[in-house]
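Trainee: Once you've had a glance at the structure underneath, I'll fire off some questions.
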Amino acid sequence: MQARLLSGMRGSGSGKLQPGMLVMLKFYTTRFWLAVLAVLGLTGVAGMTTGCGFFPKITTCTTNCTTASNFMYVANTASAGTAAGSVAGFSLTTKTTAATSTTPATSTLSLAVTPNSAYSLGFVPSAIAITPTNTFIYAASQTTGIFLYSVGSNGALTEENNSTAVASDLASSMQVDSTGSWLIVADASLASSNAIINVYSIASTTGLLTLSGTLNGVKVAGASRQLFIAPNNVNVFLTLSTGGTESLTLNATTGALTDQANLPPITTPNADLGVTTDPNSTFVFVTETGASAVRVLTIGTNGALTNVSGSPFATGGTGPAAVLVDSSGSYVYVANSTSNTVSGFVLAANGTLTAISGSPFATGAGPSGLAEDSTKTYLGVVCNGGGSDLEVYSFDATTLGKLDAAGNATTGTDPTLPIAIVASKAVSST
73 MQARLLSGMR
83 GSGSGKLQPG
93 MLVMLKFYTT
103 RFWLAVLAVL
113 GLTGVAGMTT
123 GCGFFPKITT
133 CTTNCTTASN
143 FMYVANTASA
153 GTAAGSVAGF
163 SLTTKTTAAT
173 STTPATSTLS
183 LAVTPNSAYS
193 LGFVPSAIAI
203 TPTNTFIYAA
213 SQTTGIFLYS
223 VGSNGALTEE
233 NNSTAVASDL
243 ASSMQVDSTG
253 SWLIVADASL
263 ASSNAIINVY
273 SIASTTGLLT
283 LSGTLNGVKV
293 AGASRQLFIA
303 PNNVNVFLTL
313 STGGTESLTL
323 NATTGALTDQ
333 ANLPPITTPN
343 ADLGVTTDPN
353 STFVFVTETG
363 ASAVRVLTIG
373 TNGALTNVSG
383 SPFATGGTGP
393 AAVLVDSSGS
403 YVYVANSTSN
413 TVSGFVLAAN
423 GTLTAISGSP
433 FATGAGPSGL
443 AEDSTKTYLG
453 VVCNGGGSDL
463 EVYSFDATTL
473 GKLDAAGNAT
483 TGTDPTLPIA
493 IVASKAVSST
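When we follow my numbering, the leftmost residue of the sequence shown carries the number 73, and every step to the right adds one.
Next comes the structure, spelled out in structure tokens:
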């Protein structure tokens, strides 16, 4: 739609926008206008090379419109103060009031629980993962193993495998790779022990797991915190609290893992907690307590890591935990778990970070997990401290990357003490 619109506004062979473009564009939101400017290279925002992934797909909305729902799932470790774990599912539906000749379109988020949510697990969850086709969810416990749930078209979850564990791992973190072929699981470890990592192949039709390889202890001891698989399906990272961050590589054909190197904390007794990469697998981002900062490093051959200029970057908050890069690679967000904020940064092409105007942004108590929805319109923040367990933010129409409160919900009978969140992913139609 954007390409056709731009094509229609260009003169034959001139490559320039015609004078009538402003008349055409007044029917579109300010957000789309900014996206057009970004595509044409007319914006001065640092780090923006292809526009912001948070701009929603433009549709022909001449009357009031409703976009199709997508889903977020939250892992709860309690219910009303008891150790009764569950997964709460939510649909996100955007209702748009059409633009007029004088006013832009306005959008409103509707949050609704999925059928029969919250789903009782029968155990306290320690980690949750979703397949890229949004077909299956895995929920892990540090006492009973990993369990499998299928995802219905309405977002409802159904427990599979006769309600028995599909793997015996006592996981602290896990993720499905971008092809949906592998589930990589980091087992829980103590500060004095070396974490074990298992790699499972995933049966595409059933979601059942087959053990393909085991790394029987990473090089450096530490309490395993978060595992992340880079989109290139080669680089894998595991934070180990005071043990730093382990850099590994994956053979995506065989599932074999190779432990390449360890990145120690900046100083003792700092602890590495959250980890992620950009969509191009160029940079890795590590949150570190003590420094109250996020480290940014380039990813080299065999997972070699090199700090970018200016790293670490202060978050302006305390207790940095989860970290997320948006799907366009334009923005970085860090959940500050003890100051109840999310910090936002513009990501430049060289990996440096610049705080977004208004950052850090207020959240509920104890933000501990972040997820971007499949429409690239919302950021979900799960808060462990009670009250508004799930906070959802939209992205400001004028200040790119800035967070605006869009909705919130409890994820059960509080306190639910949620620890993690996953979102349904955009699925290619090709």
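Glycine included, every Cβ here is placed at the ideal spot set by N, Cα and C. A quick note: this is a predicted structure, and the numbers were derived from the prediction, not measured.
1. Which whole-angstrom value is the C-beta distance of T314 and L345, which I expect to be below 8 Å?
2. Quick one: any contact between the stretch 268 to 277 and the stretch 222 to 235, if contact means 3 or more CB pairs under 8 Å?
3. Measuring alpha carbon to alpha carbon, tell me which of P487, I209, V356 ends up nearest T149.
4. Less than 9 Å between the C-beta atoms of Y403 and G416, yes or no?
5. Which value, in whole angstroms, describes the spacing of the CA atoms of E318 and T449?
6. Taking contact to mean 3 or more Cβ pairs, one atom from each stretch, closer than 8 Å, check whether the stretch 366 to 379 and the stretch 277 to 296 are in contact.
7. Go through its chain and collect everything with a Cβ distance to G438's Cβ below 6 Å, but skip five positions before and after it.
8. To the nearest angstrom, report how far apart A363 and I338 are at their CA atoms.
9. Give the secondary structure of Y100 by DSSP, where H, G and I count as helix, E and B as strand, and everything else as coil.
10. Would the beta-carbon of Y191 fall within 9 Å of that of G279?
11. With a cut-off of 8 Å, do at least 3 Cβ pairs link the stretch 203 to 222 to the stretch 183 to 190?
12. Reducing DSSP to helix, strand and coil, say where T311 ends up.
13. Is it buried or exposed for L322, if we count other Cβ within 10 angstroms and need 16 for buried?
14. Is the Cβ-Cβ distance between A328 and G285 less than 9 Å?
15. Under the assumption that L229 contacts V238 (Cβ atoms under 8 Å), give the Cβ distance between them as a whole number of angstroms.
16. If A199 and S244 are in contact, beta carbons under 8 Å, what's the gap, nearest whole angstrom?
17. Less than 9 Å separating the beta-carbons of T165 and L181?
18. Using the Cβ count rule (16 or more neighbours within 10 Å means buried), how would you classify A386?
19. Are there 16 or more other CB atoms within 10 angstroms of the CB of S173, so buried, or fewer, so exposed?
20. Taking just the CA atoms, how far does T483 sit from F162?
21. So what's S235 in DSSP terms, helix, strand or just coil?
Mentor: Quick look at the numbers:
1. Working through the sequence shown from its first residue, we reach residue 314 at position 242. Working through the sequence shown from its first residue, we reach residue 345 at position 273. About 10 Å; that fails the 8 Å criterion.
2. no
3. Against the sequence shown, residue 149 aligns to sequence position 77. Per the Cα distances, P487.
4. On the sequence shown, residue 403 is found 331 positions in, with the first residue counted as 1. On the sequence shown, residue 416 is found 344 positions in, with the first residue counted as 1. Contact: yes.
5. For the purposes of this step, residue 318 is identified with residue 246 of the sequence shown, where counting begins at 1. For the purposes of this step, residue 449 is identified with residue 377 of the sequence shown, where counting begins at 1. Taking C-alpha positions only, E318 is separated from T449 by approximately 32 Å.
6. no
7. The count along the sequence shown starts at 1 and reaches residue 438 at position 366. Counting only Cβ-Cβ distances below 6 Å, and skipping sequence neighbours, we find S409, C455, N456, G457.
8. If you number the sequence shown from 1, residue 363 lands on position 291. If you number the sequence shown from 1, residue 338 lands on position 266. If you take the alpha carbons of A363 and I338, they lie about 8 Å apart.
9. The count along the sequence shown starts at 1 and reaches residue 100 at position 28. Any answer about Y100 is weak, because its pLDDT of 40 lies below 50 and its placement is not dependable; what the coordinates show is given next. DSSP places Y100 in coil when its eight states are reduced to three.
10. If you number the sequence shown from 1, residue 191 lands on position 119. If you number the sequence shown from 1, residue 279 lands on position 207. In this structure, the beta-carbon distance from Y191 to G279 does not fall below 9 Å.
11. no
12. Translated into the one-based positions of the sequence shown, residue 311 becomes position 239. Three-state DSSP puts T311 in a strand.
13. Your numbering for residue 322 matches position 250 in the sequence shown. So L322 counts as buried.
14. Taking the sequence shown and counting its residues from 1, one reaches residue 328 at position 256. Taking the sequence shown and counting its residues from 1, one reaches residue 285 at position 213. Cβ atoms of A328 and G285: closer than 9 Å.
15. Here residue 229 refers to the residue found at position 157 of the sequence shown. Here residue 238 refers to the residue found at position 166 of the sequence shown. About 15 Å separates the two Cβ atoms, so there is no contact after all.
16. The residue given as residue 199 occupies position 127 in the sequence shown. The residue given as residue 244 occupies position 172 in the sequence shown. Contact holds; Cβ gap of about 6 Å.
17. As a first step, residue 165 is located in the sequence shown; it is residue number 93 there, counting from the start. As a first step, residue 181 is located in the sequence shown; it is residue number 109 there, counting from the start. With a cutoff of 9 Å on beta-carbon distance, T165 and L181 are scored as near each other.
18. What you label residue 386 is simply residue 314 of the sequence shown in a count that begins at 1. The residue is exposed, with fewer than 16 neighbouring Cβ atoms inside 10 Å.
19. Walking along the sequence shown from the start, residue 173 turns up at place 101. With fewer than 16 Cβ atoms within 10 Å of its Cβ, S173 is classed as exposed.
20. Numbered from its first residue, the sequence shown carries residue 162 at position 90. Numbered from its first residue, the sequence shown carries residue 483 at position 411. Cα to Cα, F162 sits roughly 9 Å from T483.
21. On the sequence shown, position 163 is the one that residue 235 refers to. In this structure, S235 counts as helix in the three-state DSSP scheme.
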